[in-house]
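Here's the structure, in structure tokens; my notes come after.
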Amino acid sequence: MSEVESVAAECETVNVAVDDRVEGVTTVTLSRPDARNALNATLRAELKRVLDAIEESDTRVVVLTGSDEAKAFVAGADVKELRERDMLEQREASKRPRVYEYVDDLRQPVIARINGHALGGGCELIQGCDVRIAHERAKIGQPEINLGIMPGGGGTQRLPRLVGEGHAMRLILTGELIDADEAADIGLVDEVHGEDTFDDRVYELAGMMAEKSPVALEYAKKAIKAASRMDLEQGIEYEAELFAQLFAWPDKDEGIDAFFEDRDPQWEDR
1 MSEVESVAAE
11 CETVNVAVDD
21 RVEGVTTVTL
31 SRPDARNALN
41 ATLRAELKRV
51 LDAIEESDTR
61 VVVLTGSDEA
71 KAFVAGADVK
81 ELRERDMLEQ
91 REASKRPRVY
101 EYVDDLRQPV
111 IARINGHALG
121 GGCELIQGCD
131 VRIAHERAKI
141 GQPEINLGIM
151 PGGGGTQRLP
161 RLVGEGHAMR
171 LILTGELIDA
181 DEAADIGLVD
191 EVHGEDTFDD
201 RVYELAGMMA
211 EKSPVALEYA
221 KKAIKAASRM
231 DLEQGIEYEA
241 ELFAQLFAWP
251 DKDEGIDAFF
261 EDRDPQWEDR
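Below, the structure written as structure tokens:
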């Protein structure tokens, strides 16, 4: 049993499957079916522990999803917990890094397998992922405004960067839920698939990434993330520095040699 599997075995609400469909790919499944995978304190803590273990593992790509039994990716935050908190308690609960930052900052690429509703904190969680593939039955939105609050897990910042200020304003200020096709139209998800092609496409993409150099994946993810966090000149300088740093890794020579020798490269584990 791997270290990632050992950590997950101690969790009540998070399951993992390592290399079950594609070598190098770990599937992380959120599982609170009785609450449609709502993000309570236990799930958040266990997801952090699992992601910490993945960070240190040989995993090359992560697929993050909700249990099919729950019929949801994540239906939101645990409203009961929110009701019991005052301002100081919420300020403490909002200290970073939260699960959203854990996903966003993970060195491995993360594909969101959006198998059902992704609402509130669930919508914010998919925004932290790197690629978002939705099932056609999924509903997505930020309905916090209906509870007299607003997104607090990065939604007011990541959502405008994905879909533009206008769409973000509409979704956040109305609490409107949209279907997967509209989410794709505005850029909130990347692809939508029906039952017959959904998992095939998720793991096709995961496998294509997992075939690449782990360090090149990590650095490319960092550079792309920087595009929305730096101005153009800073971003170009950052990209050039990361590009140069890759020349210190043996994968650079291996990749080029494999290209000239017309063979598959043998990457080093990160």
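The UniProt record's numbering numbers the first residue of the sequence shown as 1 and each following residue consecutively.
Think of the CB as a built atom: it goes at the ideal place given N, C-alpha and C, for glycine as much as any other residue.
These numbers were taken from a predicted model, which means no experiment stands behind them.
CA-to-CA distance, R21 to E191, given in whole angstroms:
The alpha-carbon atoms of E191 and R21 are separated by roughly 20 Å.
Rounded to whole angstroms, what is the Cα-Cα separation between R137 and H167?
Straight-line measurement puts the Cα of H167 at about 21 Å from the Cα of R137.
Taking the alpha-carbon positions, what's the I149 to N15 distance?
Rounded to the nearest angstrom, the two C-alpha atoms are 31 Å apart.
Pairwise C-alpha distance: A93 and M208:
Each residue's Cα considered, the two are about 37 Å apart.
Those runs of the beta strand (DSSP E) which lie wholly inside the stretch 65-121 and span at least 3 residues
Runs found: 72-74, 110-114 and 117-119.
Opposite K139 in the DSSP bridges: which residues?
BP columns for K139 point to D179.
Contact between the stretch 104-118 and the stretch 209-224 is defined here as three or more beta-carbon pairs at a separation below 8 Å; is this criterion met?
Per the Cβ contact rule, the stretch 104-118 is in contact with the stretch 209-224 (3 or more Cβ pairs under 8 Å).
Run the CB neighbour count on N37, radius 10 Å, all protein chains shown included, and call it buried at 16 or more, exposed below.
That one is buried.
Roughly how many whole angstroms lie between the Cα atoms of Q127 and K71?
For the pair Q127 and K71, the Cα-to-Cα distance works out to about 20 Å.
Name the residue from R132, L205, R44 and L30 whose alpha carbon lies nearest to the alpha carbon of G187.
Selected option, being the one with the closest Cα: R132.
Whole angstroms is fine: what's the gap from A17's alpha carbon to G24's?
CA-to-CA, the gap between A17 and G24 works out to about 11 Å.
Count the C-beta pairs between the stretch 144-161 and the stretch 243-263 that are closer than 8 Å, then say yes if the count reaches three, no if not.
Segments in contact, no.
Drop a sphere of 10 angstroms on the beta-carbon of R164, count the other beta-carbons inside from all chains shown, and report buried for 16 or more, exposed for fewer.
Note that residue 164 is Gly in the sequence shown, not Arg. Around the beta-carbon of G164, fewer than 16 other beta-carbon atoms lie within 10 Å, marking it exposed.
Using 10 angstroms around the beta-carbon of I54, count the other beta-carbons present and answer buried if the total reaches 16, otherwise exposed.
I54 sits buried, since 16 or more C-beta atoms from the chains shown fall within 10 Å of its C-beta.
Could you work out which residue in N40, R49 and E3 is closest to C11 when comparing CA atoms only?
The shortest CA-to-CA distance from C11 to any of N40, R49 and E3 is the one to R49.
Extent of the continuous beta strand (DSSP E) to which T26 belongs:
V25 to L30 is the span of the beta strand (DSSP E), which, as asked, contains T26.
Name, in chain order, the residues that DSSP records as bridge partners for R132.
The partner list for R132 (beta bridge, DSSP) reads A112.
Going along the chain, which residues of its own chain have a beta-carbon closer than 6 Å to the beta-carbon of E46, five neighbours each way excluded?
Closer than 6 Å at Cβ, skipping near neighbours: C11, T13 and V14.
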